[in-house]
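Counted the way full-length UniProt numbering counts, the sequence shown spans residues 1 to 703. Report on the following structure.
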Amino acid sequence: MGRPHMHDPAHMTAPKTPPARRAARAAAPAAGATASPPRIVVADVAPSVDDGRFPAKRVLGETCVVTADAFREGHELLRARVRYRGPDGGAWRTAPMTHDPDADRWTGEFPLDALGDWTFTVEAWTDEFGTWLQRLGKRVAAQQPEVATELLDGGAQLQRAARRAPFGAARKRLEAAATLLLDTAQPLDARVAAATDPALATLMEAHAPANDLTTYDRELRVSVERPRAAFAAWYEFFPRSTATEPGRHGTFADAERVLPRIAELGFDVVYLPPIHPIGRTFRKGRNNTLTAEADDVGSPWAIGSEHGGHTAIEPALGTLEDFERFVARARALDLDVALDFALQVSPDHPWVQEHPEWFVKRADGTIAYAENPPKKYQDIYPLDFWSSDREGLWTAARDALLFWIARGVNTFRVDNPHTKPFAFWQWVIAEVRRAHPEVVFLSEAFTRPKKLLHLAKLGFSQSYGYFTWKNEAWEITQWLEEFLAPDVVEYHRGNFFVNTPDILHEFLQTGGRGAFRLRLLLAGTLSPLYGVYSGFELLEHEPVRAGSEEYLNSEKYELRQRDFTAPGNLDEDIRRLNRIRRAEPALQRQDNLTFHRSENEQVLFYRRAGSKGAADLLVAVNLDPRQAHASIVHVPIADMNIADDEPYEVEDLLTGARYTWRGVRNYVRLDPAHEPAHVLRVEARPPRPKAAKATTAGAGGHA
Numbered sequence: 001m002g003r004p005h006m007h008d009p010a011h012m013t014a015p016k017t018p019p020a021r022r023a024a025r026a027a028a029p030a031a032g033a034t035a036s037p038p039r040i041v042v043a044d045v046a047p048s049v050d051d052g053r054f055p056a057k058r059v060l061g062e063t064c065v066v067t068a069d070a071f072r073e074g075h076e077l078l079r080a081r082v083r084y085r086g087p088d089g090g091a092w093r094t095a096p097m098t099h100d101p102d103a104d105r106w107t108g109e110f111p112l113d114a115l116g117d118w119t120f121t122v123e124a125w126t127d128e129f130g131t132w133l134q135r136l137g138k139r140v141a142a143q144q145p146e147v148a149t150e151l152l153d154g155g156a157q158l159q160r161a162a163r164r165a166p167f168g169a170a171r172k173r174l175e176a177a178a179t180l181l182l183d184t185a186q187p188l189d190a191r192v193a194a195a196t197d198p199a200l201a202t203l204m205e206a207h208a209p210a211n212d213l214t215t216y217d218r219e220l221r222v223s224v225e226r227p228r229a230a231f232a233a234w235y236e237f238f239p240r241s242t243a244t245e246p247g248r249h250g251t252f253a254d255a256e257r258v259l260p261r262i263a264e265l266g267f268d269v270v271y272l273p274p275i276h277p278i279g280r281t282f283r284k285g286r287n288n289t290l291t292a293e294a295d296d297v298g299s300p301w302a303i304g305s306e307h308g309g310h311t312a313i314e315p316a317l318g319t320l321e322d323f324e325r326f327v328a329r330a331r332a333l334d335l336d337v338a339l340d341f342a343l344q345v346s347p348d349h350p351w352v353q354e355h356p357e358w359f360v361k362r363a364d365g366t367i368a369y370a371e372n373p374p375k376k377y378q379d380i381y382p383l384d385f386w387s388s389d390r391e392g393l394w395t396a397a398r399d400a401l402l403f404w405i406a407r408g409v410n411t412f413r414v415d416n417p418h419t420k421p422f423a424f425w426q427w428v429i430a431e432v433r434r435a436h437p438e439v440v441f442l443s444e445a446f447t448r449p450k451k452l453l454h455l456a457k458l459g460f461s462q463s464y465g466y467f468t469w470k471n472e473a474w475e476i477t478q479w480l481e482e483f484l485a486p487d488v489v490e491y492h493r494g495n496f497f498v499n500t501p502d503i504l505h506e507f508l509q510t511g512g513r514g515a516f517r518l519r520l521l522l523a524g525t526l527s528p529l530y531g532v533y534s535g536f537e538l539l540e541h542e543p544v545r546a547g548s549e550e551y552l553n554s555e556k557y558e559l560r561q562r563d564f565t566a567p568g569n570l571d572e573d574i575r576r577l578n579r580i581r582r583a584e585p586a587l588q589r590q591d592n593l594t595f596h597r598s599e600n601e602q603v604l605f606y607r608r609a610g611s612k613g614a615a616d617l618l619v620a621v622n623l624d625p626r627q628a629h630a631s632i633v634h635v636p637i638a639d640m641n642i643a644d645d646e647p648y649e650v651e652d653l654l655t656g657a658r659y660t661w662r663g664v665r666n667y668v669r670l671d672p673a674h675e676p677a678h679v680l681r682v683e684a685r686p687p688r689p690k691a692a693k694a695t696t697a698g699a700g701g702h703a
């Protein structure tokens, strides 16, 4: 594979200026000379993340909508276009932009039909022919004698365009029109009619010179990923817990047998904790005890033993061939396989002996184990990503990813990426995606928002967030309005896991069945991406001790056989939610969520706006898992093109019930003993016509 290319300032020298560039620099006018500055301002181009330092994110099959400001002095009209090219670095293409005079903003778009990084910018120039046509029309309307002179000016423009046009029909038509406009012997009406022929304007759009073409001062990027990078339901489970006989270690063959159930529930991604050999030294016992019994299986995150490291399989799970059969079975069920990527090792990992320089040494010469005082993790050694052989370590980490990609893995959940260098993630994700743009990366970054968001900018497709700790209406609203700001959704996608092997929130510990049902509804309707850790559907809720978020008899340290057919399971809730999510486009985007007033703080009310003819969804959730609550909710009917006195029908997708609502204020009552929420579908309505605006003749600006 070769070594990663890294820029080390200590070893860099200033590049020599090529002779041609030196000559051009010498010929360039000095500061204060009369070099022609740009006449047109092109600014505020979007989408843009940190002024183009990082790419915005989109998915395959979407269009990239580009907006920009473009203007110049005076009343001349402008034209603008998007210039773009695909990930293959081929020829530049262009797409026209239109001007919205109300917003004074230009908009264009181009299709995203390939995975990878696209590049684009915006160009603008004076529309000389359009400006001339506008001026001619005003003179004709005012019956001014200057019409004759205007026709001569127009004829000269047509001549210049004809000279630029290739030989053929277009050039002949331009030459003929120019001849007519310049022929003062022809009737004035005939010359005006020829000048204002729409077909002539179309020809001029294609062939008129752009004499003051101005390009935005930077090229921007859009990273295009698979649709499941932006919309998917995840299911996490431990293959070692899938055996049918109590006490037996599960295998990949056992895990294959559970895949149809997961697919039937409507999940898209199966996520496996580390599947690598587990170390023996300082192995953790049941419930995270420091002393393991002989039959304790240990934590999968203590990676590495005499059987191998990050490119090996835990022998108790089976062989590499068994894993490949598991992946093939998942693919046949339209399930992606996500693998945990944890860059840490057990003391028994081969790297400890082969590359001792990759680890931090203490003063006594021992390798430092992981700890977060007072917590100690003696079964894990962290890696030193800034070691003397950082290139070797970084390459080994990249090659581990490529190893599993070659075996069918197309998604990675990355363990604690905020504890590793940001420069490493930017490099390794780019390295992987250069050959495999289909790969999705999920960041498990339970850290401060700025770090979490920076990881998203560096290339992570999705990120865990703070969903599990947000349970009150005010904190859900405050948190999401920050993370769903327009500039943030350009690059960050939150994946809302309702629980994880590490996080059993007090709300689930004490809230009973109602808590599980409402949290599931919230996760699946607040975000296009959400996840469930196995056992959630069985209402597992016992902590190891009061005040802890750790599960009692945590699966991180022991095998857990489960009966998923047990009475009272949440399978139907999950199946129904995933069916609704797949049917409703409004739930498949993250930029369309707005919160609206509820007169009872226990009822959270929000809208998921439809687009391109898709229905709107109104969601009301009772946040109290024990008590029924009623509220008046305020519907944003103006945004939904519904008149103040107009009745409208809403259909509850959870129950099939239909209600007729009217106006802004409407009543809901939600009893967690029956349904914790309404997911109300409102058919899309065409926009109501706007009142005509008065215009002033001669008011300048753009077309």
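Note that CB positions come from ideal geometry on N, CA and C, so glycine has one too.
The beta strand (DSSP E) runs of length 3 or more contained entirely in the stretch 353-408 are, from start to end of the chain, 370-372 and 375-377. Going by C-alpha positions, residue 651 is about 11 Å away from residue 615.
By the neighbour-count definition (other C-beta atoms within 10 Å, threshold 16), residue 376 is an exposed residue. Within the stretch 41-70, the complete beta strand (DSSP E) segments at least 3 residues long are 41-46 and 56-59, listed from N- to C-terminus.
In the three-state scheme derived from DSSP, where H, G and I count as helix and E and B as strand, residue 153 is classed as helix. Closest in alpha carbon position to residue 644, among 623, 323, 492 and 666, is 666. Residue 174 is positioned such that its CB atom lies closer than 8 Å to that of residue 203. Just so you know, the alpha carbons of residue 521 and residue 577 end up roughly 7 Å apart. Around the beta carbon of residue 92, fewer than 16 other beta carbons lie within 10 angstroms, which makes this residue exposed.
Rounded to whole angstroms, the gap between the alpha carbons of residue 109 and residue 55 is 16 Å. Non-local C-beta neighbours of residue 446 in its own chain, meaning closer than 7 Å and more than five positions away in sequence, comprise 464, ordered along the chain. CA-to-CA, the gap between residue 332 and residue 264 works out to about 13 Å. Residue pairing by DSSP places residue 608 opposite 593 and 617 in a beta bridge. By the neighbour-count criterion, in which 16 or more other beta carbons inside 10 Å mark a residue as buried, residue 258 falls on the buried side. If you draw a 10 Å sphere on the C-beta of residue 556, you find 16 or more other C-beta atoms in it, and that means buried. Proximity of the stretch 550-570 to the stretch 496-514 meets the contact definition, three or more beta-carbon pairs being nearer than 8 Å.
In this structure residue 437 does not touch residue 220 by the C-beta definition: roughly 18 Å separates them, more than the 8 Å allowed. Apart from sequence neighbours up to five positions away, the residues of its chain that approach residue 558 with a beta-carbon distance below 6 Å are 286, ordered along the chain. Closest in alpha carbon position to residue 303, among 381, 248, 187 and 294, is 381. In this structure, residue 224 keeps its C-beta atom at 8 Å or more from the C-beta atom of residue 83. By the 16-neighbour rule on beta-carbons within 10 angstroms, residue 386 is exposed.
The DSSP assignment places complete beta strand (DSSP E) segments of no fewer than 3 residues inside the stretch 405-475 at 411-415, 440-444 and 462-464, in order along the chain. Residue 121 sits close to residue 216, with the two beta carbons spaced by under 8 Å. A contact is defined here as three or more CB-CB pairs under 8 Å, and the stretch 460-480 fails this definition with respect to the stretch 579-589. Where residue 137 is concerned, there is no enclosing beta strand (DSSP E), although the alpha helix (DSSP H) around it starts and stops at 128-141.
Closest option to residue 474, judged by alpha-carbon separation, among 104, 596 and 670: 596. Across the set 617, 43 and 38, the C-alpha of 617 shows the shortest separation from the C-alpha of residue 653.
With respect to residue 277, residue 255 sits apart: the two C-beta atoms are not nearer than 8 Å. A straight-line Cα-Cα distance of about 29 Å links residue 638 and residue 230.
By the Cβ rule, the stretch 515-532 counts as touching the stretch 665-685, because three or more pairs are nearer than 8 Å. Non-local C-beta neighbours of residue 489 in its own chain, meaning closer than 6 Å and more than five positions away in sequence, comprise 590 and 591, ordered along the chain. Short of 6 Å from the beta carbon of residue 61, and not among the five residues preceding or following it, lies no beta carbon of its own chain. A direct Cα-to-Cα measurement between residue 646 and residue 660 gives close to 10 Å. Here DSSP, grouped into helix, strand and coil, assigns residue 117 to strand. With distances taken between CA atoms, residue 112 lies nearest to 65 out of 164, 341, 65 and 649.
Sequence-distant Cβ neighbours of residue 389 in its own chain, meaning closer than 6 Å and more than five residues away, are 357.
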